[in-house]
Ligand code: ADP
Ligand code: MG
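Residue numbers (the working numbering): 14 to 504.
Quick look at the structure:
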């Protein structure tokens, strides 16, 4: 994951076109070179996502879901039971906290709930980027950091927020990594992902880790609900809209959860008559079948801290899109002198180009692609010609399009699995897919490609019933709601 969080605002020293290149050096390089155009053509074909391919991806997603529900370890998809059997009703009352550890940011939130009438009376939140060194720290260091930020936030409680005297404050803890949940308020970390390599957490109960750290800070607080971010998003969105059946997060990483009938979960060994539904956390980032991958994806995967794992996540989520583009541009610089006769040093640095950068470059509507030029200058240290900038934008579009369309196919896979079990259950009525995460929220082209794929796959009639919509901060409020639902105190 990138160490670079801010790019320099220094403008280019020369105007791009006034920088002459030494001819001799150009000729030396070009003797062994292929053209950037031919690398681009190959990229287009390797990343292509025509409808038949998307159909296969959706089909494989549905099949992997079934396999994961049948038995643990039988599929790339873990299909984790969330232990959230009762969704918020609207009667929840009082002050609750939510704490969200994603991949990039750490958020704290307080929510004052006012029952059916008042609903969400007030919310307040604070957000802190996770310091890079903590991603490689010890478990205690990471959780102490979290608890200390939480303590600072709690100190500022006041105004519309009222905690009841004598009560321990309760927290919904959103933790966006693969956890084997053992109850609503306990769960063992299976594996860090998204570049995290914190020592001493894997195999431990992350709720205990946080409760202990809060104790060390002298906080009178406890975790009432351990909530995967997608599960929180689903609970939060459903609080407002009963038709929400699926939630998808596209941020640093990606994941999806959905409402499943208990009798569709063979590995639960529930009595046939059990009935009722629960939320399943798919951990779909681990999906891997039938994806159109390039040599750049393979190289990035091989260099990652979890090679061979989280392939869907590495193809569609925010942590990786910028890095894939960087690898393509690096190849174009090396083999096709895209930026002149030398390979810019910064461009060789993994994760130096971030997904927000490629998003910004795609938004550039100026004639000379000036924004593209200045980002390339800041990030890669190069003066670029218009011709090169156009190629760069094309690479960004190619990678974003593949990501968005594959994410759309994944969503359709989930919907088809649900529909397959119970005809008419999702396609025959209004069904909402709640979306959250920085990538989905901030990258309009990605969002459009995702929606296009969903519409193409479902066809015009069915897609009228399927609403894919952003539900901002749903996961934060969802976690607070689940803390309320699972409170130790009576309402
Ligand atoms: P997390 O996944 O850590 O919980 P978010 O949901 O806030 O956090 O997502 C942050 C991620 O969203 C970033 O890592 C980045 O990849 C992506 N992102 C943020 N801003 C943009 C943007 N303007 N364009 C594209 N992607 C963005
Ligand atoms: Mg998040």
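For each residue, glycine too, the CB sits at the ideal point set by N, CA and C.
Item, Value
"Does the structure place the segment 304 to 317 close enough to the segment 331 to 344 that three or more beta carbon pairs sit under 8 Å?", "yes"
"Whole alpha helix (DSSP H) runs in the segment 455 to 493 with 4 or more residues, listed along the chain?", "457 to 476"
"Does the distance from the CB of residue 417 to the CB of residue 367 come in under 8 Å?", "no"
"CA-CA distance, residue 369 and residue 177?", "42 Å"
"Does the segment 473 to 487 come into contact with the segment 219 to 237, if we say contact requires no fewer than three beta-carbon pairs (one atom in each stretch) closer than 8 Å?", "no"
"When every heavy atom of the ligand ADP is checked, does at least one fall within less than 7 Å of the C-beta of residue 372?", "yes"
"Which full runs of the beta strand (DSSP E) of 3+ residues lie inside the segment 247 to 286, going along the chain?", "257 to 263 and 267 to 274"
"How would you label residue 236, buried or exposed, when you count the other beta carbons within 10 angstroms and need 16 or more for buried?", "buried"
"Is residue 241 closer than 8 Å to residue 95 when the C-beta atoms are compared?", "yes"
"Measuring only from the beta carbon, is residue 122 closer than 7 Å to any heavy atom that is part of the ligand ADP?", "no"
"What number of angstroms, rounded off, separates the C-alpha of residue 154 from the C-alpha of residue 324?", "29 Å"
"Hey, which unbroken runs of the beta strand (DSSP E) at 3 residues or more fall wholly within the segment 385 to 465?", "444 to 449"
"What I want to know is whether the C-beta of residue 262 ends up closer than 7 Å to one or more non-hydrogen atoms of the ligand MG.", "yes"
"Among the residues of its own chain, which have a CB less than 7 Å from the CB of residue 45, if the five just before and after it don't count?", "Confidence in residue 45 is poor, its pLDDT being 45 and thus under 50, which makes the residue's placement unreliable; the coordinate value appears in the next sentence. Cβ neighbours of residue 45 beyond the five flanking positions: none."
"Can you grab the Cα-Cα spacing for the pair residue 503 / residue 129, in whole Å?", "16 Å"
"Measure the beta-carbon distance from residue 112 to residue 305 and round it to whole angstroms, keeping in mind my assumption that it falls under 8 Å.", "No, residue 112 and residue 305 are not in contact; Cβ-Cβ is about 38 Å, not under 8 Å."
"Pull up the distance between the alpha-carbon of residue 4 and that of residue 392, whole angstroms please.", "Since the first residue shown for the chain is 14 and the last is 504, residue 4 is missing from the structure and cannot be characterised."
"Alpha helix (DSSP H) containing residue 131: first to last residue?", "128 to 131"
"Can the beta-carbon of residue 114 be found less than 8 Å from the beta-carbon of residue 174?", "no"
"Quick one: is residue 379 buried, meaning 16 or more other Cβ sit within 10 Å of its Cβ, or exposed?", "exposed"
"Using DSSP with H/G/I as helix, E/B as strand and the rest coil, what is residue 185?", "strand"
"Thinking residue 148 and residue 208 are a contact (beta carbons under 8 Å), I'd like their distance in whole angstroms, please.", "6 Å"
"Please state the DSSP three-state secondary structure of residue 170.", "coil"
"Where do the ends of the alpha helix (DSSP H) carrying residue 91 lie?", "Looking at the DSSP string, residue 91 is not in any alpha helix (DSSP H), and its letter there is neither H nor E."
"From 143, 395 and 265, pick the residue whose C-alpha is nearest to that of residue 353; which is it?", "395"
"Within the same chain, show all residues whose beta-carbon is closer than 7 Å to that of residue 57, passing over the 5 residues directly before and after it, in chain order.", "411"
"Which runs of the alpha helix (DSSP H), 4 residues or longer, sit entirely within the segment 103 to 164?", "128 to 131"
"With a CB to CB cut of under 6 Å and the five nearest residues on each side skipped, what residues in its chain are close to residue 283?", "275"
"Would you mind giving the Cβ-Cβ distance between residue 494 and residue 248, rounded to the nearest angstrom? I have them listed as a contact below 8 Å.", "6 Å"
"Report the rounded CA-to-CA distance for residue 106 versus residue 218, giving the unit in angstroms.", "28 Å"
"Note down the Cα distance separating residue 351 from residue 345, rounded to an integer number of angstroms.", "6 Å"
"Under 8 Å: do the segment 460 to 471 and the segment 126 to 146 share three or more Cβ pairs, one atom per stretch?", "no"
"For residue 240, name the three-state secondary structure that DSSP assigns.", "strand"
"Would a C-beta distance cut-off of 8 Å place residue 347 and residue 337 closer than the cut-off?", "no"
"Just to confirm the assignment, what range does the beta strand (DSSP E) spanning residue 290 have?", "290 to 294"
"Measure the C-alpha to C-alpha separation of residue 43 and residue 49 and round it to an integer number of angstroms.", "Reliability of the predicted coordinates at residue 43 is poor, the pLDDT of 46 falling under 50, and the value obtained from them is presented with this limitation in mind. Each residue's Cα considered, the two are about 11 Å apart."
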